[in-house]
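Residue numbers (this note's numbering), protein chains in the order written: chain A, 1 to 205; chain B, 1 to 205; chain C, 1 to 205. Read through the structure below, which is laid out as structure tokens, and then see the notes.
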């Protein structure tokens, strides 16, 4: 995705949005400006760095291109100044978070396929890219990560990544696959929150 | 080890067994099918992925060969369906976990030596391979990892990895070293649980 | 830094000092000799290993040169035997910890620049090197990491790493940059503890 200007823009938007989620959690925990920045960086960059390190892309994109870092720092500053406003518009934030989830799941899976990873592990890497930053963010404040607590979070990333594999198998153009994958992950996430979908628990647990 | 069919089989068995441990923890915490799968994947694959990334083997084996991923997913499905049965046979599960510990400690140390790592760091990497997945599993649910809570867990992995280094120093055939290393780690772990061995604490702590 | 004998010595001192911090935490939590060693290794080695893996330096220095591992194990043994003495001299330990923070921030940023990373991400990598080990140490015992709890911890590492970038921009000799960077990080940390500096929180949080 990062090959195109649009792709880079979407990637940076995802980074910014996840940074917002990390910084907002830090504010809720009463952390100072440095704690806010650390959690914003962790949430925004860790998923993509995990993906790149696993693919042998070193230094990872987040260290090769300063704009990733600047997007994450910008999210921390926005939250520092405007967290009360952001708290009030939590619905838009949830929508942006769902968008980031889709963007990262799709870009992670695409990059893995590009580096010759098989479809099944490529889907896993897409999911890790999408949920890894948020998992580290929550573990840093000693919380059980959202990906384990919320029912349809990993599933949404999974659906997005699977669309990429399906699109490649059907030889669809890359742009179509990206749009379908991001939209699918976004819709699954948003509809599941809206309708209160719950995934099945183990019978008798 | 993965060079031989037997070796791959043992590796996949270790992956499956550790996946069971992650999935069972998820069921006990009341997580849904996705949480069960995430914890199974983390417990089964994280140790080996840490090892491979540290050795510069990218993508790591767990992403190059889909069978690792399938073994971990299979463990999640088995637990989803049969966790009550598995809970009842906890002694066999502990034995399998001890076997997985030995398998991963030995395979991790062997792979490190193969990549030219010195004996002492190779032993460390064997231990990390064996305990890393379980540590991530426990950290994901905000628990202190078993490797810190249970007295003779890291020690068992250490003994297994040391056998590999000793076997190489004595120029023993690889197969003998594997059997001795896995058996030693397994026995140290099982006997320590059975006899309630405790490691010394710092005097006056 | 590790290119010179002095540099290696400083690196090993940083490793030892951070190992002490991990081992002391383990003693306070009542962990046994293996738990003490695991936390010492995590605190001493994780930051540098993250840095090296992100830069594609595999195996990381801590696995290529057994002296890093021995320094960490030595710190665990010192604490096992002498933790009551070390507890009493907590002020020197805090000073050593501040020194380790400066050493790792500087060496991490220098290594990143050496591998062609841009200044801004190089500063980030310096900070990650300095605070990564401590963060893993605290997460392993299910605590919120010190880097999030203490006001001027990440800032001190940031100042040290920024000095390295400034020194390079001014074409200062490497030795001068190292001394200035380590001293700056050390002083910011020590003075902030001494004067009780607090970083600003988000207004209205």
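Ideal Cβ placement from N, Cα and C applies to all residues, glycine included.
Residues from the stretch 15-40 of chain C in contact with chain B, defined by Cβ distance under 9 Å: From the stretch 15-40 of chain C, only 23, 26, 27, 28, 29, 30, 31, 32, 33, 34, 35, 36, 37, 38 and 39 have a Cβ closer than 9 Å to chain B.
With residue 72 of chain C and residue 44 of chain C assumed to form a contact (beta carbons below 8 Å), what rounded beta-carbon distance in angstroms separates them?
Along the third chain, read from residue 1 onward, the residue named residue 72 of chain C stands at position 72. Along the third chain, read from residue 1 onward, the residue named residue 44 of chain C stands at position 44. With 8 Å as the limit, residue 72 of chain C and residue 44 of chain C qualify as a contact, their Cβ atoms being about 4 Å apart.
Going along the stretch 88-120 of chain A in order, which residues come within less than 9 Å of chain B, judged by CB to CB distance?
112, 115, 116, 117, 118, 119 and 120
Could you confirm whether any beta carbon from chain C is found closer than 8 Å to the beta carbon of residue 75 of chain A? Here residue 75 of chain A refers to the residue found at position 75 when the first chain is read from its first residue. Cβ-Cβ to chain C under 8 Å: no for residue 75 of chain A.
- Message: Just to confirm my understanding: we take residue 1 of chain A, look at its own chain, exclude 5 residues before and 5 after, and list those with CB closer than 7 Å. What are they?
- Response: Here residue 1 of chain A is taken as the residue at index 1 of the first chain, counted from 1. Low confidence applies here, because residue 1 of chain A scores a pLDDT of 41, under 50, leaving its location unreliable and the question unanswered by this model.
### Message
Could you compute how far the alpha carbon of residue 135 of chain B sits from the alpha carbon of residue 187 of chain A?
### Response
Translated into positions along the second chain, residue 135 of chain B becomes position 135. Translated into positions along the first chain, residue 187 of chain A becomes position 187. Spanning the two alpha carbons is a distance of roughly 34 Å.
C-alpha distance - residue 57 of chain A paired with residue 85 of chain C, whole-angstrom precision | In the first chain, the residue the question calls residue 57 of chain A occupies position 57. In the third chain, the residue the question calls residue 85 of chain C occupies position 85. Taking the straight line from one Cα to the other gives about 46 Å.
Please give the ranges of any alpha helix (DSSP H) in the stretch 106-132 of chain C, keeping only runs that are unbroken, at least 4 residues long and fully inside the region. none
Taking the beta carbon of residue 21 of chain B as the centre, do at least 16 other beta carbons fall within 10 Å, making it buried, or is it exposed? Translated into the one-based positions of the second chain, residue 21 of chain B becomes position 21. Label assigned to residue 21 of chain B: buried.
- request: Give the DSSP-derived three-state secondary structure of residue 32 of chain B in the structure shown.
  value: For the purposes of this step, residue 32 of chain B is taken as residue 32 along the second chain, with counting starting at 1. In the structure shown, residue 32 of chain B sits in a strand (DSSP, three-state: E or B).
Here's a check: name, in chain order, each residue in its chain whose Cβ is nearer than 8 Å to the Cβ of residue 113 of chain B, leaving out the five neighbours to either side.
Translated into the one-based positions of the second chain, residue 113 of chain B becomes position 113. So the list reads 119, 122, 164, 165 and 168, once near-sequence residues are dropped.
| task | Could you work out which residues of chain B lie near residue 84 of chain C, taking near to mean beta carbons separated by less than 7 Å? | result | On the third chain, position 84 is the one that residue 84 of chain C refers to. Those are 204, listed as they occur along chain B.
ask   = If residue 47 of chain A and residue 161 of chain A are in contact, beta carbons under 8 Å, what's the gap, nearest whole angstrom?
value = Within the first chain, residue 47 of chain A is the residue found at index 47, counting from 1. Within the first chain, residue 161 of chain A is the residue found at index 161, counting from 1. Separation of the CB atoms of residue 47 of chain A and residue 161 of chain A is rounded to 12 Å, and the pair is thereby denied contact status at 8 Å.
Item to complete: Return the bridge partner residues of residue 201 of chain B from the DSSP annotation.
Response: The count along the second chain starts at 1 and reaches residue 201 of chain B at position 201. According to DSSP, residue 201 of chain B bridges with C:32.
Cα separation between residue 23 of chain B and residue 198 of chain C? By 1-based counting over the second chain, the position of residue 23 of chain B is 23. By 1-based counting over the third chain, the position of residue 198 of chain C is 198. Answer to the nearest angstrom: the Cα atoms are 43 Å apart.
| If we cut at 8 Å on Cβ distances, does residue 131 of chain C have a partner in chain B? | The residue labelled residue 131 of chain C in the question sits at position 131 within the third chain. By this cut-off, residue 131 of chain C is not an interface position.
Near residue 117 of chain A, what residues of its chain come up, given a Cβ to Cβ distance below 7 Å and the 5 sequence neighbours on each side ignored? Numbered from its first residue, the first chain carries residue 117 of chain A at position 117. Closer than 7 Å at the Cβ level, and outside the excluded window around residue 117 of chain A, lie 125.
On the three-state DSSP scale, how would you describe residue 191 of chain B? Locating residue 191 of chain B in the second chain gives position 191, counting from the first residue. Under the three-state reduction of DSSP, residue 191 of chain B is assigned to helix.
| query | According to the Cβ coordinates, are residue 200 of chain B and residue 36 of chain C closer than 8 Å? | reply | Here the question's residue 200 of chain B lines up with position 200 in the second chain. Here the question's residue 36 of chain C lines up with position 36 in the third chain. Not in contact: residue 200 of chain B and residue 36 of chain C (Cβ atoms no closer than 8 Å).
*asked:* I'd like the ranges of any alpha helix (DSSP H) spanning at least 4 consecutive residues and lying wholly in the stretch 130-162 of chain C.
replied: You should have 146-149.
Q.
Considering Cα atoms alone, identify which of B:28, B:92 and B:63 is closest to residue 80 of chain B.
A. Residue numbering aside, residue 80 of chain B sits at position 80 when the second chain is read from its first letter. The shortest C-alpha separation from residue 80 of chain B is found at B:28.
Helix, strand or coil for residue 86 of chain C? Go by DSSP, reduced to three states.
Translated into the one-based positions of the third chain, residue 86 of chain C becomes position 86. The three-state reading of DSSP puts residue 86 of chain C in helix, counting H, G and I together.
What are the residues of the stretch 59-70 of chain C that lie near chain B, defined by any Cβ-Cβ distance shorter than 9 Å?
59, 60, 62, 63, 64, 65, 66, 68, 69 and 70
Q: Taking the CB atoms as reference points, tell me whether residue 132 of chain B and residue 77 of chain B lie closer together than 8 Å.
A: For the purposes of this step, residue 132 of chain B is taken as the residue at position 132 of the second chain. For the purposes of this step, residue 77 of chain B is taken as the residue at position 77 of the second chain. Taking 8 Å as the cut-off, the Cβ atoms of residue 132 of chain B and residue 77 of chain B do not count as close.
| query | What are the boundary residues of the alpha helix (DSSP H) that residue 63 of chain C is part of? | reply | Position 63 of the third chain holds residue 63 of chain C. Residue 63 of chain C -> alpha helix (DSSP H) spans 61-64.
- prompt: Does residue 12 of chain B have its Cβ less than 8 Å from a Cβ in chain A?
  reply: Translated into positions along the second chain, residue 12 of chain B becomes position 12. So no, residue 12 of chain B is outside the interface.
Candidates A:181, A:203 and A:152: closest to residue 191 of chain A by CA position
To locate residue 191 of chain A, count along the first chain from 1; it is residue 191. The shortest C-alpha separation from residue 191 of chain A is found at A:152.
Query raised in the report: By DSSP, does residue 171 of chain A sit in helix, in strand, or in coil?
Result: Counted from its first residue, the first chain places residue 171 of chain A at position 171. Residue 171 of chain A: coil per DSSP, three-state reduction.
Problem - 6 Å CB neighbourhood of residue 181 of chain C in its chain, flanking five on each side removed - result: On the third chain, residue 181 of chain C is found 181 positions in, with the first residue counted as 1. Same-chain partners within the cutoff: 106, 160, 163 and 164.
* Counting only beta-carbon atoms, is residue 216 of chain B nearer than 8 Å to chain A? -> There is simply no residue 216 of chain B to check, as chain B begins at 1 and stops at 205 in what is shown.
Tell me the rounded alpha-carbon separation between residue 189 of chain C and residue 172 of chain C. Counting from one through the third chain, the residue named residue 189 of chain C turns up at place 189. Counting from one through the third chain, the residue named residue 172 of chain C turns up at place 172. Going by the C-alpha atoms only, they are around 24 Å apart.
Any heavy atom of the ligand ATP closer than 7 Å to the beta-carbon of residue 185 of chain C?
This structure simply doesn't include the ligand ATP, nor any ligand for that matter.
| If you draw a straight line from the alpha carbon of residue 75 of chain B to that of residue 141 of chain A, how long is it in whole angstroms? | Along the second chain, read from residue 1 onward, the residue named residue 75 of chain B stands at position 75. Along the first chain, read from residue 1 onward, the residue named residue 141 of chain A stands at position 141. So the alpha carbons of these two residues sit roughly 30 Å apart.
Three-state class that DSSP yields for residue 100 of chain C in the structure shown: In the third chain, counting from the first residue as 1, residue 100 of chain C sits at position 100. The answer is helix: DSSP assigns residue 100 of chain C an H, G or I state.
**Request:** Check each candidate in B:15, B:195 and B:196 and name the one with the smallest Cα separation from residue 96 of chain B.
**Result:** Walking along the second chain from the start, residue 96 of chain B turns up at place 96. Nearest option by C-alpha distance: B:15.
| Contacting residues, own chain, Cβ-Cβ under 7 Å from residue 145 of chain B (five flanking each side not counted) | Locating residue 145 of chain B in the second chain gives position 145, where the first residue counts as 1. Once the five neighbours on either side are set aside, the close Cβ partners of residue 145 of chain B are 134, 135, 138 and 139.
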